[in-house]
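What follows is a short report on a single structure.
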Amino acid sequence: MDEFNDSEIARLLRLKRYEQPPPAYFENFLHEFQRRQRNELLRQPLWRICLERAHAFMLRLDVPSLASYPAAVTAVLVCGAIISLKIYQQPETPHVALQSPPALSAPASAEGEWSLASPVAAQFLRTQPVRSFHESAQTHRAAPPRYVLDSVPVSYEPTFRF
Amino acid sequence: MSPLSDSKRRVLVLALIFCSGGGLLFAQEQSATANKDQAKETFLRAVAQSEAATGISQCVKEIFARAAKAVVKIHGVDEHSEICGTGFFVDPAGTLYTAYTVGGEAGNFTIEFGGKKYPARQLLADIRSGTAILKIDQATPTLPIGKSEELEVATPVVAVGYPLDLPETPNFGMVAGFDRKYLGRYFSTTHLRLNLPTQRGEAGAPLLNMKGEVVGIVVSSLENNSSCYAVPIEAAEKIRSDFVRFGEARHGWVGINVSEAAQPVEGSRAEMTQIMDETPAARSGIKSGDILLQVGRKKVTQPEDVLDASFFITAGETVPITVMRGNQKLTFHVQATLHPASRTGPLVASPGTNQAIPLSLGSEVPRTP
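Structure, rendered in structure tokens:
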């Protein structure tokens, strides 16, 4: 400021008094300002932007005053419990796939006959429900349909008997 | 002979040249005329063939346009997966025929017809004929029933089916033969072998003669799907007739085993080699060693004829059996009983579950009246 005295400044102001921006300058001003601001912001790496925003968020909530050792321990325990519950509750799909096929071949009327067999076999059959057509429809809904035209006729006669 | 003068010789040579030239021209013209006639004949033959092909094409188009309305796509579910096949209506109350492989052992049937889907129930499934009868509760168009007996080898036929997931499709071919045996196995009745390309999904498709009448039901394919087998419509009609009368298929049985005789007797080589105990044949007086001449209206000349003759016997009815015993022609009236293969009970649909359930839970013994 020392370089310019008042008269110099006044002269420069007089010089600029009649200068005006182009007609559409102020229409696009806000958009252009935000674009440049965004460009400036994005020059930083992403992790730094996130860190800055998190930092600003924490400062706004005043987290440091709330933080304590018991709170941190509790949070860790809760997270651990949730994760362990999710892991142990996943279904054991391989066992289901292995057990289901024999049940499909067991006829409904065969239960009585199988009750005389070994206890293991009987228990196994009883625990598996015989699949109905409704269940089949649901089970195979995703499977492609079978278009029927066999290569061998279904009927034949063993000998010339009548 | 005085030698000719030069002028005369010259004239003679010129005359010879003229005559030979004329002869050549005449021969050429005759040849051209013959070629022209031949070309004309070839052209006319080509036109006639083209007209015939156009006529056949037009005929197939008309049959397809008429028949396609009564041909339906059948969806069902068996214990393996969803299945798709073809069927066709045979009465206006919604009764339809299909192949046993489509409608025999599945359930939860749905019929695609007229752009809509309708639930269907199984009325009857008969593995011996290879057919099944389903029904929807809807007024439907029908296909007229023809006579497969009128077919001959090389008779043109049309089938209309639903191949794969495609819309209704006409197939054109011809009768290739009438087979009683395939790959060492005897059919229960003569099957129509057709040189007619079929695809998966077309089991149960109607086989139509060139009048648009049903003469068979497509039941299986042969190698490369270029040929197929169809059950004669009379076999399916016999089963439907049984169902209408008795509520079940009643294949007849008299208890006779037939083999080929060493010598033909009265034109027949079908010798009765075994009369089974406690059967209608044993009770009627037919003896082993008799030569079979006729069963009902069907004449028998060889053991294979027994298949067609016996297929149309209905349990409970009396069938005349003519035999030759020594020099004596005898006719026995035998009341047929139920065929041992017909062990399953009659299948009648339950509207609630849309699945077939046995009409009677008892044994098969009291079925014969």
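Protein chains in written order, with the working numbering: chain A, 2 to 163; chain B, 243 to 611.
Built from N, CA and C at the ideal position, the CB exists for glycine as well.
These figures come from a predicted structure and were not determined experimentally.
- Listed in chain order, the positions of the segment 553-577 of chain B with a beta carbon within less than 9 Å of a beta carbon of chain A are Phe553 and Ile555.
- DSSP places Lys453/B outside both helix and strand once states are collapsed to three, so it counts as coil.
- Here Val332/B carries a coil assignment [DSSP, helix/strand/coil].
- Restricting attention to beta strand (DSSP E) runs no shorter than 3 residues, the segment 503-530 of chain B encloses them at 510-517, ordered along the chain.
- CA-to-CA, the gap between Gly458/B and Ile305/B works out to about 15 Å.
- By the Cβ test, the segment 398-417 of chain B is not in contact with the segment 500-520 of chain B, since fewer than three Cβ pairs between them sit closer than 8 Å.
- When Cβ-Cβ separations below 7 Å define contact, Leu438/B makes no contact with chain A.
- Residue range Asp248 to Ala309 is occupied by the alpha helix (DSSP H) that includes Lys250/B.
- The C-alpha of Ile88/A is placed about 53 Å away from the C-alpha of Thr440/B.
- Residues of the segment 141-156 of chain A whose Cβ lies closer than 7 Å to any Cβ of chain B, in chain order: His141, Ala144, Pro146, Arg147, Tyr148, Val149, Leu150, Asp151, Ser152, Val153, Pro154, Val155 and Ser156.
- In terms of Cβ geometry, Ser469/B and Asn437/B form a close pair [threshold 7 Å].
- Under the criterion of beta carbons closer than 8 Å, Leu406/B and Arg442/B qualify as touching, at roughly 6 Å.
- With contacts defined as CB atoms closer than 7 Å, Leu534/B and Ala512/B qualify as a contacting pair.
- Annotated as proximal: Ile378/B and Ile353/B, with beta-carbon spacing under 7 Å.
- The beta carbon of Arg162/A sits closer than 7 Å to some beta carbon of chain B.
- In the DSSP assignment, Phe429/B falls within the unbroken beta strand (DSSP E) covering Arg427 to Asn437.
- Taking 7 Å as the CB threshold, Glu53/A stays off the interface with chain B.
- In the same chain as Pro383/B, and ignoring 5 residues on each side of it, the C-beta atoms closer than 7 Å to its own belong to Lys311, Ala312 and Phe331, in chain order.
- Think of a sphere of 8 Å around the beta carbon of Ile498/B: the chain A residues whose beta carbon falls inside it are Arg162 and Phe163, in chain order.
- For Gly327/B, DSSP records a beta bridge to Ile316/B.
- In terms of beta-carbon proximity, Val344/B lines the interface with chain A, with at least one pair separated by less than 7 Å.
- Minimum Cα-Cα distance from Leu376/B among the listed residues Val344/B, Val289/B, Gln516/B and Arg370/B corresponds to Val344/B.
- Neighbours of Ser510/B in chain A, taken as residues at a C-beta separation under 9 Å, are lacking, since the least C-beta distance is about 13 Å.
- In this structure, Ala445/B keeps its C-beta atom at 7 Å or more from the C-beta atom of Ala583/B.
- Exclusion of the five residues before and after Asn467/B leaves Pro439, Thr440 and Gln441 as the residues of its chain whose Cβ lies within less than 7 Å of its Cβ.
- With respect to Thr431/B, Leu580/B sits apart: the two C-beta atoms are not nearer than 7 Å.
- Any Cβ of chain A closer than 7 Å to the Cβ of Ile369/B would place that residue at the interface, and such an atom is present.
- In the three-state reduction of the DSSP assignment, Leu534/B falls in the strand class, which pools E and B.
- For the segment 7-58 of chain A, not one full-length beta strand (DSSP E) segment reaches 3 residues or more.
- Taking 7 Å as the CB threshold, Ser292/B stays off the interface with chain A.
- For the segment 402-433 of chain B, the beta-carbon criterion of a distance under 8 Å to any beta-carbon of chain A is satisfied by Pro405, Leu406, Asp407, Tyr424, Leu425, Arg427, Tyr428, Phe429, Ser430 and His433.
- Taking C-alpha positions only, Val74/A is separated from Phe34/A by approximately 46 Å.
- Going by DSSP, Gly415/B is part of the beta strand (DSSP E) stretching over Thr411 to Tyr424.
- Using a Cβ-Cβ cut-off of 8 Å, Tyr471/B is close to Pro154 of chain A, given in chain order.
- With fewer than 16 other Cβ atoms inside 10 Å of its own Cβ, Met59/A counts as exposed.
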